[in-house]
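Protein chains in written order, with full-length UniProt numbering: chain B, 1 to 403; chain P, 1 to 267.
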Amino acid sequence: MSERPDFSAFPDARGHFGPYGGCFVSETLMGALDDLKAMYERLKDDPQFRADFDYDLAHYVGRPSPLYLAERWSKQLGGAKIWLKREDLNHTGAHKVNNTIGQALLAKHMGKPRVIAETGAGQHGVATATVAARLGLKCQVYMGAEDVERQKLNVYRMKLLGAEVIPVTSGSKTLKDAMNEAMRDWVTNVDDTFYIIGTVAGPHPYPQLVRDFQCIIGREAREQSLKQAGQLPDALVACVGGGSNAIGLFHPFLNDESVAMYGVEAAGDGIETGRHAAPLSAGRPGVLHGNRTYLMEDDNGQIIETHSVSAGLDYPGVGPEHAWLKDLGRVQYVAADDTEALAAFRELTQVEGIMPALESSHALAYASKLAQTMSPEQNIVVNLSGRGDKDILTVAAIDGIEF
Amino acid sequence: MSRIESCFARLSENNRKALIPYVTAGDSSKDVTVPLMHAMVEAGADIIELGVPFSDPMADGPVIQLACERALAHGTSTRDVLAMVKQFRETNNDTPVVLMGYLNPVEVMGYETFAKAAAEAGVDGVLLVDLPPEEALEVKPVMAAAGLDLIFLVAPTTSDERIKLIGEAGSGYLYYVSLKGVTGSATLNVEEVAGRVETIRNLAKLPIGVGFGIKDAESAQAVSRVADGVVVGSALVNQVKEHQNDPAAINQAISDILSAMRTAMDT
């Protein structure tokens, strides 16, 4: 690890993070991606664009989000101090809106009257429907039929916001299939449609621009840590599905060598059962959804079905920058299973009065173990990427309660 | 001269156009494919595009998605597809076979292993729909060394600059996707296609096959007037679905469609 690259210089011009990333799409989309790349290159350092983005983050999303010391929980665990980056307090209840605000601004600049999105847990769909409502854009959201069933509340929220939710019944009926279907829509309606991808995956330039929009999380957390704890954190912990909340927290710290980082994947029923959603922990490199990255696939290169109690982590791939950070050893990728995540969900709710999303609960589960191996002088920042209201029905069902 | 090259040369001498049917290998069962390939040649096919099933065929419409699901349901692997080509070659040494699919099943085998096995089986070309020329720098020399043509797509949205790039990167033929959309989409606009094909001809040297939206003898004939080859896929795959438990009926239905196209294209 002595020859670490300057992380801020990636991806390269063609969207590669080392061997990962790139632009693996059918020819019809290449023009649209080139246009998007050119527009983003032009706007990303444009003072007016940045000012518009910052204004929306402050006054519409409610940023900066607090960095909260979970004092009671930390004491109970008896190790390092755990600080929670409160993305759950954002408008719409998760980090997803940071990105949809940015991409909607791009859509507006490109003059596209229609936006589409894929969604798993529904948080990205809600965040897209929200910005579409505000900007008067037509919005259609693709969602796996199984996720439509387990995230009914978010489906209804999207409908109230004026979006059309299209259940996807092909394949495993979850997030990856929703993404396939969104790609098919985009290829058909490429002239008038902007595809708002919800995570740091997909073809270049998406992994880069989604990361850049989400980096507000890490920039704030870095400043808040220095101010509130008087030092940089010793460790960062975030859950990883596609990996947008994790990269948003990690990226501004990548060149800070003293900061350890842990990306927590969904171990589902347990890595050893094969029923999980942990490509970095148990997958191998391949190409899906426009980029080369770690995937869950069989020996013939067919993508295999994933499992997690949390719909937002139920995805067989992961952002290409994470794949690269894993190989470089800069970030440690670990996993928490359904049972551990549910326990952390209950623990934080009961000890701190904060109900976390099941996705974020995976990060909390690992952080609670990590904290116990560290001293009370040390600090961990956990990305509390979303709130748990959307998961109440799932948890209730596990408790045998029906509404 | 490669099989694909001599096929287009032979057709050109006789002032004919290539009829290029697509079917998904292993749909509706592994035993269906090889006899179907022979039947298609008898019905007038010049080149066969054989689909390699993939779990996430993002560029395909519902017809070919379901064909992939049917083929995968009984475990059709890339190696099975190569075995089918090998069996086809036992009695046919002339008709070019192009494998069409997605990059991941090839990548998982390893480029060199795949290229060697494909060439040995008698495959002539490979078209990977999610592999644009910019990402093909590594795989292209490997395919070339094995004598395989790497075939690329050109779309209605492709800029002139990219057409040149694709024309130089590819070999065998260019596959012009006649409309914005997935396979099996709406009917194509022949005039628009004619204009685009002319543009491509001025920018690239390879023969041009046109696919997407060709459903019947009439559309095949219209496209054959402007392009060097006519690709038909979803219309045939529909017949496989329709008759999935009856291989003889599949062969008959597909042969009927191709014969009608052949006749229309040659008159």
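Note that the Cβ used here is the ideal one computed from N, Cα and C, for glycine as well.
Going by alpha carbons, who is nearest to residue i out of the options?
i: Asp192/B; options: Lys112/B, Glu402/B, Ala371/B; result: Lys112/B
i: Tyr156/B; options: Gly122/B, Ile392/B, Glu146/B, Val25/B; result: Gly122/B
i: Lys159/B; options: Leu135/B, Gly125/B, Ala336/B; result: Gly125/B
i: Asn245/P; options: Ser28/P, Arg79/P, Arg3/P, Ile208/P; result: Ser28/P
i: Ile4/P; options: Val223/P, Ile208/P, Gly233/P, Val108/P; result: Ile208/P
i: Ala260/B; options: Ala13/B, Leu254/B, Ala235/B, Gly243/B; result: Ala235/B
i: Arg200/P; options: Phe114/P, Leu258/P, Asp160/P; result: It should be noted that the sequence gives Ile, not Arg, for residue 200/P. It is Asp160/P.
i: Phe212/P; options: Asp266/P, Pro133/P, Ala155/P, Arg162/P; result: Ala155/P
i: Glu42/P; options: Ala264/P, Leu258/P, Ser185/P, Leu206/P; result: Leu258/P
i: Ala229/B; options: Ala277/B, Leu43/B, Glu71/B, Asp399/B; result: Glu71/B
Helix, strand or coil: how does DSSP classify residue i here?
i: Lys180/P; result: coil
i: Ser385/B; result: coil
i: Met143/P; result: helix
i: Asp177/B; result: helix
i: Arg292/B; result: strand
i: Leu67/B; result: strand
i: Ser2/B; result: Since pLDDT at Ser2/B reaches only 49, below the 50 mark, its modelled position is unreliable, and no value is offered.
i: Cys239/B; result: strand
i: Ile163/P; result: helix
i: Phe17/B; result: strand
i: Cys7/P; result: helix
i: Asn255/B; result: coil
i: Gln231/B; result: coil
i: Arg16/P; result: coil
i: Leu188/P; result: coil
i: Gly379/B; result: According to the sequence as given, residue 379/B is Asn; it is not Gly. It is a strand residue.
i: Pro62/P; result: helix
i: Lys138/B; result: strand
i: Tyr55/B; result: helix
i: Asp314/B; result: coil
i: Met261/B; result: strand
i: Gly202/B; result: coil
When the Cα atoms are used, what is the spatial distance from residue i to residue j?
i: Ile151/P; j: Leu203/P; result: 16 Å
i: Ala248/P; j: Val123/P; result: 25 Å
i: Ile354/B; j: Arg222/B; result: 22 Å
i: Lys390/B; j: Ala311/B; result: 11 Å
i: Asp46/B; j: Tyr40/B; result: 10 Å
i: Pro96/P; j: Asn245/B; result: 49 Å
i: Arg4/B; j: Leu328/B; result: 8 Å
i: Val187/B; j: Glu27/B; result: 9 Å
i: Ala129/B; j: Lys152/B; result: 15 Å
i: Leu236/P; j: Phe345/B; result: 52 Å
i: residue 272/P; j: Pro11/B; result: In this structure chain P extends from 1 to 267, so residue 272/P is not present and cannot be described.
i: Thr157/P; j: Gly31/B; result: 6 Å
i: Phe194/B; j: Lys176/B; result: 19 Å
i: Met1/B; j: Cys215/B; result: Residue placement at Met1/B is flagged as unreliable, the pLDDT there being 46, under the threshold of 50; the coordinate-derived value follows with that caveat. Going from the Cα of Met1/B to the Cα of Cys215/B covers about 23 Å.
i: Arg238/P; j: Val63/P; result: Note on residue identity: the sequence assigns Asn, not Arg, to residue 238/P. Distance between the alpha carbons of Asn238/P and Val63/P is about 7 Å.
i: Val184/P; j: Met143/P; result: Here residue 184/P turns out to be Gly, not Val, going by the sequence shown. Computed Cα separation, rounded: 29 Å.
i: Ser170/B; j: Leu106/B; result: 30 Å
i: Trp324/B; j: Asp56/P; result: 24 Å
If we call anything under 8 Å between Cβ atoms a contact, is residue i one with residue j?
i: Leu364/B; j: Leu348/B; result: yes
i: Met58/P; j: Met183/B; result: yes
i: Tyr173/P; j: Phe54/P; result: no
i: Glu272/B; j: Ala335/B; result: no
i: Phe24/B; j: Glu168/P; result: no
i: Val197/P; j: Val240/P; result: no
i: Ser74/B; j: Lys85/B; result: no
i: Ser308/B; j: Ala277/B; result: yes
i: Gly386/B; j: Tyr315/B; result: no
i: Ala367/B; j: Val382/B; result: yes
i: Gly233/P; j: Tyr102/P; result: no
i: Val168/B; j: Gly144/B; result: yes
i: Thr76/P; j: Gly44/P; result: no
i: Leu254/B; j: Arg330/B; result: yes
So does residue i have its beta carbon nearer than 7 Å to some heavy atom of the ligand PLP?
i: Ala133/B; result: The model on display carries no ligand, and the ligand PLP is accordingly not part of it.
Could you please tell me which residues of the region 144-164 of chain P, in chain order, have their CB closer than 8 Å to any CB of chain B?
Phe152, Leu153, Val154, Ala155, Pro156, Thr157, Thr158, Ser159, Arg162
Using a Cβ-Cβ cut-off of less than 9 Å, give me the residues of the region 5-29 of chain B that come near chain P, in sequence order.
Arg14, Gly22, Cys23, Phe24, Val25, Ser26, Glu27, Thr28, Leu29
The region 126-142 of chain P: positions lying closer than 7 Å to chain B by Cβ
Val129, Asp130, Leu131, Pro132, Glu134, Glu135
Against chain P, which members of the region 91-125 of chain B pass a CB distance test of less than 9 Å?
Within the region 91-125 of chain B, no residue places its CB atom closer than 9 Å to a CB of chain P.
Using a beta-carbon distance cut-off of less than 9 Å, what residues from the region 228-241 of chain P approach chain B?
Answer set for the region 228-241 of chain P: empty.
Going along the chain, which residues of the region 275-292 of chain B sit with their C-beta nearer than 9 Å to a C-beta in chain P?
Arg284, Pro285, Gly286, Val287, Leu288, His289, Gly290, Arg292
Using a Cβ-Cβ cut-off of less than 7 Å, list which residues of the region 64-88 of chain P approach chain B; keep chain order.
Gln65, Leu72, Ser77, Thr78
What residues in the region 91-107 of chain P have a beta carbon less than 7 Å from any beta carbon of chain B?
Leu103, Asn104, Pro105, Glu107
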